[in-house]
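Structure, as structure tokens:
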Amino acid sequence: MKNLKKVLLVAIIIVSFSFISSKPLEPKKINIVIDASHGGNDFGVISNSISEKQIVEQVTNKIKSLNSNVVIHLTRSDDQFLSLEERADFINRIKPDLVLSLHVNASLNNKTSGLEFYVAKETEFFEKSNEIAEKLNDKFSENTNLKMLGVKTGPFYILKKSDVPAVIIELGYLTNENDKKYLIDDKEQNRMAKSISEFISEMK
Ligand SMILES: [Zn+2]
Numbered sequence: 010m011k012n013l014k015k016v017l018l019v020a021i022i023i024v025s026f027s028f029i030s031s032k033p034l035e036p037k038k039i040n041i042v043i044d045a046s047h048g049g050n051d052f053g054v055i056s057n058s059i060s061e062k063q064i065v066e067q068v069t070n071k072i073k074s075l076n077s078n079v080v081i082h083l084t085r086s087d088d089q090f091l092s093l094e095e096r097a098d099f100i101n102r103i104k105p106d107l108v109l110s111l112h113v114n115a116s117l118n119n120k121t122s123g124l125e126f127y128v129a130k131e132t133e134f135f136e137k138s139n140e141i142a143e144k145l146n147d148k149f150s151e152n153t154n155l156k157m158l159g160v161k162t163g164p165f166y167i168l169k170k171s172d173v174p175a176v177i178i179e180l181g182y183l184t185n186e187n188d189k190k191y192l193i194d195d196k197e198q199n200r201m202a203k204s205i206s207e208f209i210s211e212m213k
């Protein structure tokens, strides 16, 4: 009986070791920073009682809660003010594979509507960011009925100062009635979060 136990123990040890040694190396995880813009005293765009800072925070937290195989870092998860410098410092400390900065748009013309992406020409990551933004545009168009305004360029601080690929997503126009309904709708916000979550889960 004693010997049988010994044999079993040895067998278990051998099996465990062979398992460890044959285990493939874990692939490097993709790291993403989701930057919920504005916050605290900075409300961003406001329409009646609805503000940009709330919408982007809600969508950001939905992205975080969707179980994806990537590591998601948030510049903010609650209603706090962060300067652009603090955001860029946070990003450059982490050095993620991608930064997605979420915003909501405004126009003096209340007929202007749609979803658009921004990348900055003034960085070495312009081409990569542009390629990512184009793919994100395709992913969003599968999941939304909102007008797609495409990828544009702009010298935005967070895009220029991030030492990694970075894209601003303007989720829609709060100054347009249709877009506003879409932006504050819980189901639509889930679909926005799903588009982003699916895209980053497929990144390699
Ligand atoms: Zn904004």
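With this note's numbering applied, the sequence shown corresponds to residues 10 to 213, in that order. All C-beta atoms, glycine included, are put in the ideal place defined by N, C-alpha and C. Computed from a predicted model, the values in this text were never measured in an experiment.
TODO: Output yes or no for whether 8 Å exceeds the beta carbon distance between Met157 and Leu180.
DONE: no
Open item on the list: Just to confirm, is the Cβ distance from Leu109 to Asp44 under 8 Å?
Closed with: yes
Task: Contact test: Gly53 Cβ vs ligand 1 heavy atom, cutoff 7 Å - done: yes
TODO: For His112, verify whether its CB is less than 7 Å away from any heavy atom of ligand 1.
DONE: yes
Task: Ile51 - partner residues in DSSP beta bridges - done: What sits at residue 51 in the sequence shown is Asp, not Ile. Paired residue(s): Gly48.
Task: Spatial distance of Ala142 from Pro174 (CA atoms) - done: 10 Å
Open item on the list: Measuring only the C-alpha atoms, how far is Glu66 from Glu207?
Closed with: 19 Å
- [ ] Answer yes if the segment 184 to 197 comes into contact with the segment 97 to 117, meaning at least three C-beta pairs across the two stretches below 8 Å, and no otherwise.
- [x] yes
Open item on the list: Measuring straight from C-alpha to C-alpha, what distance separates His47 and Leu91?
Closed with: 7 Å
- [ ] With a threshold of 7 Å, establish whether the CB of His82 neighbours any heavy atom of ligand 1.
- [x] no
Open item on the list: Give me, in chain order, the residues of the same chain whose beta-carbon lies closer than 6 Å to that of Leu168; leave out the 5 immediate sequence neighbours on both sides.
Closed with: Ala129, Ala175
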